[in-house]
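Below: the structure, in structure tokens.
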Amino acid sequence: MHREYVDAFFKDGSLRLSSFESFCKHPDETRRDSEEGKAAMKIVSPKSNLSAIAFNGQEAYVLCGSMTEVHPGDGYAGIRIKDTLAFSATLARQIPGFIGGTEGPCIYRKNTFYEATDDHSFSPPEDGEDPERWMERQNSVVGNHMRNKFFIKQARFAAESEYRMVWFCDGTPRPFIDIKCPKAIQLCERVGT
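When you line the sequence shown up against our numbering, it's residues 787 to 979, in that order.
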């Protein structure tokens with residue numbers, strides 16, 4: 787990344803966290819991924835199957851890094867995170883409305899269609915069951931599988947060798963959020979000059 791952003795982080799913990807929406811609209815076509823935050827999926831359960839096209843409609847912020855050692859060129863530097871879990875938790879305390887998160891390496895493949903099995907039954911609500919409550923349970927199951935989809939990317943991005951952290955929030959989605967987290971500095975080291 788540009789050296790000025792790395793300098794700002796090591797000065798006072800300043801970081802910009804982007805959103806899936808921003809990734810879809812990245813000005814650099816080679817880095818733009820129009821599938822970010824979206825999922826076509828099939829979930830197989832004991833009594834039925836569920837097919838869905840899902841979109842991340844909630845407020846969520848993402849920080850991406852590479853799992854391979856990259857030596858930045860002139861004018862660039864990097865941030866090596868020594869403990870990603872502690873780093874994520876430290877940043878979460880600075881994100882308004884934080885309600886949960888996930889992190890992990892991305893998986894690259896030609897077909898990004900997501901298919902999974904789930905022990906939860908997708909059968910219609912039983913007589914007398916509150917339909918809104920039933921729908922909340924269904925949405926929860928789909929949402930949990932959607933989190934897995936956040937780490938599946940098109941094979942053309944495999945050179946990125948990406949590791950990402952995602953923070954979910956209770957609020958209105960924004961393209962990015964700027965935070966300051968000085969405590970996160972001790973969990974990192976600078977790469978490049």
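Cβ coordinates follow ideal geometry from the N, Cα and C atoms, glycine included. Values in this document were obtained by computation on a predicted structure and should not be read as measured data.
Between the Cα of residue i and the Cα atoms of the options, which residue gives the shortest distance?
i	options	result
M853	L801, N930, F795, I893	I893
K896	R919, S909, T979, Q940	Q940
F884	P968, E790, Y949, G957	G957
F937	S909, S808, D916, G890	G890
V786	A846, N835, S804	Lying outside 787 to 979, the shown extent of the chain, residue 786 is not represented and no answer is given.
D964	D905, L849, P832, K833	L849
G978	D798, M932, E855	E855
P832	S804, S800, S909	S909
G929	A794, A838, A945	A838
H931	A794, D905, E845, D860	D905
Identify the residues that DSSP records as bridge partners of residue i: which are they?
i	result
S834	Note: S834 sits in no beta bridge, so no partner.
M827	A838, Y900
E975	R866
F954	A846, G886
G851	Y949
K966	S800
H788	Y862
P891	Y949
K939	Y894
Going along the chain, which residues of its own chain have a beta-carbon closer than 8 angstroms to the beta-carbon of residue i, five neighbours each way excluded?
i	result
I867	G851, F873, L973, C974
T876	C967, K969, A970, L973
A878	F884, G887, W953
R976	V792, F796, A863, G864, I865, R866
E915	none
Y847	L803, S804, S805, I881, V952, W953, C955, F962, I963
Y949	C850, G851, S852, M853, T870, E889, G890, P891, C892
G861	H788, R789
Can you have a look at residue i and say buried or exposed, based on whether 16 or more other CB atoms are within 10 angstroms of its CB?
i	result
G887	buried
E912	exposed
I881	buried
H857	exposed
E790	exposed
E918	exposed
E946	buried
E922	exposed
Spatial neighbours of residue i within its chain, please: CB distance less than 6 angstroms, with the 5 preceding and 5 following residues excluded, ordered by chain position.
i	result
E901	K828
F986	Since the displayed the chain opens at 787 and closes at 979, residue 986 lies outside it and no answer follows.
T903	V830
G799	K966, C967, P968, A970, I971
E845	C955, G957, P959
G859	none
A794	S800
Compute the beta-carbon to beta-carbon distance between residue i and residue j, rounded to the nearest angstrom, for a pair I have assumed lies under 8 angstroms.
i	j	result
M951	T870	7 angstroms
S808	P961	5 angstroms
Using beta carbons (cut-off 7 angstroms, strictly below), is residue i in contact with chain D?
i	result
S804	Within the model displayed, chain D is absent; a lone protein chain is all it includes.
Among the residues of its own chain, which have a CB less than 7 angstroms from the CB of residue i, if the five just before and after it don't count?
i	result
R933	T888
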